[in-house]
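Q:
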Amino acid sequence: MDVSTREEEYIEVIYELQECGNLKIREIARRLGVKPSSVVEFLRKLEEKGLLEYEKGGRVQLTGKGLELAKSLEAKHQLLYRFLTALGVPKEIAIRDACKMEHYLHPETIARIKEFLRKCNMGELK
33 MDVSTREEEY
43 IEVIYELQEC
53 GNLKIREIAR
63 RLGVKPSSVV
73 EFLRKLEEKG
83 LLEYEKGGRV
93 QLTGKGLELA
103 KSLEAKHQLL
113 YRFLTALGVP
123 KEIAIRDACK
133 MEHYLHPETI
143 ARIKEFLRKC
153 NMGELK
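In structure tokens:
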């Protein structure tokens, strides 16, 4: 399935908010720097792709596909964060850079980074 960077960002935010029990349209809007009406419009697009279920009134729930995508993005972020901090990048910068990189790197690049960290004994990675 083809998912845009912006769609991935929405899925990540929804996943984080769902995990902490604060999944509200206004909070999604605040985190992404958009208006609540824009969030509702975008949620409908994500629902059409089968990534979430959205009911008018604010109920949002990731589907199995959406949850799988969110967990994949989270794993990529953690991998890239570990890689960057292993290079000596300060934590605050590594967090921001990993967040950007996770959307653009080819799966082969991610696989090579994962293998590199294994070879360097940087700990077990999933």
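Sequential numbering from 33 applies to the sequence shown in the working numbering.
C-beta: ideal position from N, C-alpha, C; glycine also.
Under the rule that 16 or more other beta-carbon atoms within 10 Å means buried, what is M33, buried or exposed?
A: Exposed, because fewer than 16 other Cβ atoms sit within 10 Å of the Cβ of M33.
Q: Find out if the Cβ-Cβ distance for the pair L64, E41 is shorter than 8 Å.
A: It is a contact, given that the beta carbons lie within the stated cut-off.
Q: Using 8 Å as the cut-off, can you tell me whether the segment 113-124 makes contact with the segment 58-74, which would need three or more C-beta pairs spanning the two stretches below that distance?
A: The segment 113-124, when compared against the segment 58-74, does not touch it at the 8 Å Cβ threshold.
Q: I need the straight-line Cα distance from A143 to I46, nearest angstrom please.
A: Whole-angstrom Cα-Cα distance: 26 Å.
Q: How long is the line joining the alpha carbons of L49 and L105, rounded to whole angstroms?
A: Each residue's alpha carbon lies about 15 Å from the other.
Q: Identify whether Y86 lies in helix, strand or coil by the three-state DSSP scheme.
A: Looking at Y86 - three-state DSSP - the assignment turns out to be strand.
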